[in-house]
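Residue numbers (this note's numbering), protein chains in the order written: chain V, 2 to 110; chain Z, 18 to 698. In what follows, a single structure is set out as structure tokens and then discussed.
Structure below.
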């Protein structure tokens, strides 16, 4: 039986924190993601970038977690930016109406 | 076609179970060769599995069935009861709880609903489940959703959540119920929209954590936004969460909640708004339809009443009475008079306000005059709250119709259109009445020209004549009579009936009368004159023919009147003796204008003193009472009581008797001519 897993790696610079995610986000991994990003917000860099390029799966709990983290970031005077968001995930964001609650950047540069 | 791949597994209520379910789906789809819908299948399976872990907190069964075109996944837990408890009001502080906590769980079934080709729920005494099916894009379309997935054998049919049952208990509203409420078609048709709206609002408030909500509708009836249904705290005039309800213009609708919620929560109110828009649209169409039908009935009534009036003055007086109070508080009709406008009629709901209205209208004459130039209704200047619309028919500006309202009343486009319509119909009615009057004048003038203005006064001969035109008097009849004195002392009496009615018949009548006069005055013998007349009619009568009674009356010494009588297809006249006996006299001949040769036998008779010869047309004998005709026998009977009376009295009495035979207006014109031997003894 496969174990759903999510790897979280963080690169920090003075202006932003880059969080690179790989694997699946669901009820079993959303907690870890939430904890890792929350930690970065104390103290908060101006920008927290979540690179979802390696995310193969994300369910509604994962999306909810992203929304909560986005709120937390703005409360901490920071911005949570999502990059490399897959097409299917964008579609789910549209269906759930969550797209407007998140800041999504089209491409990484 | 690849074989069906089926996998079943039981998973514990554990955080890692959704991932395990995903793995199963992934491997089944790979085996079935169906990768197109992999993302969707993984997501939806995870959502259902997560719900089972989080809410049911029991182990659960997953069954995956797939072939190359379609995959069906069923997730069944062992907790009997509603599908989810997410939207329960029982949770503490539901109105202040962060909305995302509520939402991230409830979103699961929303996704199923949005992404699955079909989905459904299963309810059993000891367990419950949700299934969904995904069809590969381009797979053969299935016309009906599968009744139930293959597993597990159901003892009873899965109950479908009934909206009413669910709405009665908002504590246990499930997303399932939401679906049937929002998408259900039956619930909307049978129930009252306000009732439904209230329940829906209560439920949405609970879900959104709003303190209150309302459905606002502007029915374009001048009242602005009105509350169709509300729940909880009153909603603010602006701000809060506002979702437009799409409904056909000019109606507007809005679903409003007290406070704004995260934009991700808007999906539910939007779905509700879509559902409401369907119901409102239904309502609007019904309302519009009813209104339109009412107006159409009204317009039909107006037309009918106006059509009955063929008198100009009566029509003018009638128009405002038809408009008030249905279309306005007051109404006035101005008619074109020379170059200007003349107030012809008014009506006001408050009779005592009429003088004031007339003053206001007099001041507004320039604007009323302007209204004649445009085809649409134009508003009148303050202080008059009203509209004026030109009345024109057949390209002729006949006047202006103005309608006034209460200051509070704002006319909608439909009412304005109705006013314009009434103005058109009124104009037509006025025009019709005018044309009718004109035709009547012409007909009367023509008819008069065909009858002698005055019967001659002759020593020893007494003439009496009566003529009754047909019903409306607009058609010239074909009956005529004439009497003329000849050089040789004879008197010629002509009574005739030209076939048909109207102007063409009248010209033939004129022709017959003049030709007869000319020929006879020329000194022609009567049979020859009649022969010539026949030829003229055959040549120039346009196929019309004519019956004629021609009598030359010669006073004789000894107090008798000799009568030489020719009947060209005409009814035999009645000879009334002094003792009241009657007889029909004369010999029938050919009507004129039909054949080239006519046979007209002469009959000679002699009237003793006091005897009367009575001519009549078929308007008398064919006067109808239902299927019954007046007939010549009734005429003779009536005549027999008139023995000894002067000729004009005889004619007048016979006319009265004929007319009173029936209540109907005469269909044919009636001519009666009497000649009496008035020789003094």
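Quick reminder that beta carbons are idealized off the backbone N, C-alpha and C, glycines included.
- Look at the beta carbons and you see the region 312 to 325 of chain Z touching the region 426 to 439 of chain Z: at least three pairs across the two are nearer than 8 Å.
- Three or more beta-carbon pairs drawn from the region 650 to 668 of chain Z and the region 583 to 594 of chain Z are found closer than 8 Å, and the two stretches are therefore classed as touching.
- By the Cβ rule, the region 213 to 221 of chain Z counts as touching the region 241 to 254 of chain Z, because three or more pairs are nearer than 8 Å.
- For residue 52 of chain V, the closest Cβ of chain Z is not nearer than 8 Å.
- One Cα belongs to residue 548 of chain Z, the other to residue 614 of chain Z, and the distance between them is close to 8 Å.
- For residue 372 of chain Z, the uninterrupted alpha helix (DSSP H) segment begins and ends at 371 to 380.
- By the Cβ neighbour-count rule, residue 88 of chain V is exposed, with fewer than 16 other Cβ atoms within 10 Å of its own.
- Just measuring C-alpha positions, the residue of Z/322, Z/310, Z/260 and Z/309 sitting nearest residue 292 of chain Z is Z/260.
- Residue pairing of residue 25 of chain V in beta bridges, as defined by DSSP: V/58.
- With a cutoff of 8 Å on beta-carbon distance, residue 409 of chain Z and residue 385 of chain Z are scored as not near each other.
- Buried is the label assigned to residue 151 of chain Z, since at least 16 other Cβ atoms lie within 10 Å of its Cβ.
- Sequence-distant Cβ neighbours of residue 463 of chain Z in its own chain, meaning closer than 8 Å and more than five residues away, are 493, 520 and 523.
- Residue 621 of chain Z is bridged by DSSP to Z/581.
- Measuring C-alpha to C-alpha distances from residue 15 of chain V to each of V/44, V/71 and V/56 identifies V/44 as the nearest.
- Listed in chain order, the positions of the region 54 to 69 of chain Z with a beta carbon within less than 7 Å of a beta carbon of chain V are 56, 59, 60, 63, 64 and 67.
- Of Z/422, Z/331 and Z/580, the smallest CA-CA separation from residue 631 of chain Z is found for Z/580.
- With a cutoff of 8 Å on beta-carbon distance, residue 533 of chain Z and residue 515 of chain Z are scored as not near each other.
- Take residue 22 of chain Z, set aside five residues on each side of it, and the residues of its chain with a beta-carbon closer than 6 Å to its own are 45, 48, 49 and 83, in chain order.
- Partner residues in the beta bridge of residue 484 of chain Z, as assigned by DSSP, are Z/688.
- Taking 8 Å as the cut-off, the Cβ atoms of residue 24 of chain V and residue 57 of chain V count as close.
- Within the region 587 to 650 of chain Z, the runs of beta strand (DSSP E) that reach at least 3 residues and sit entirely inside it are, in chain order, 591 to 593, 599 to 601, 619 to 624 and 629 to 633.
- Residue 19 of chain V sits in a strand when the DSSP states are folded into three classes.
- For residue 351 of chain Z, the enclosing beta strand (DSSP E) starts and ends at 347 to 354.
- DSSP places residue 80 of chain V outside any alpha helix (DSSP H); the residue lies instead in the beta strand (DSSP E), whose first and last residues are 80 to 84.
- Residue pairing from DSSP places residue 563 of chain Z in a beta bridge opposite Z/515 and Z/609.
- In this structure, the CA atom of residue 371 of chain Z is about 6 Å from the CA atom of residue 365 of chain Z.
- Its Cα nearest to that of residue 290 of chain Z, the residue Z/272 stands out among Z/298, Z/272, Z/306 and Z/266.
- Sorting Z/538, Z/61, Z/300 and Z/237 by C-alpha distance to the C-alpha of residue 269 of chain Z places Z/237 at the top.
- Under DSSP, residue 499 of chain Z takes part in a beta bridge, and its partners are Z/511.
- At a cut-off of 8 Å between C-beta atoms, residue 98 of chain V counts as an interface residue with respect to chain Z.
- Neighbours of residue 29 of chain V in chain Z, taken as residues at a C-beta separation under 8 Å, are given in chain order as 32, 33, 35 and 36.
- Counting along the chain, residue 77 of chain Z sits inside the beta strand (DSSP E) bounded by residues 77 to 83.
- Linking residue 666 of chain Z to residue 672 of chain Z through their CA atoms gives a straight-line distance of about 10 Å.
- Annotated as distal: residue 407 of chain Z and residue 424 of chain Z, with beta-carbon spacing of 8 Å or more.
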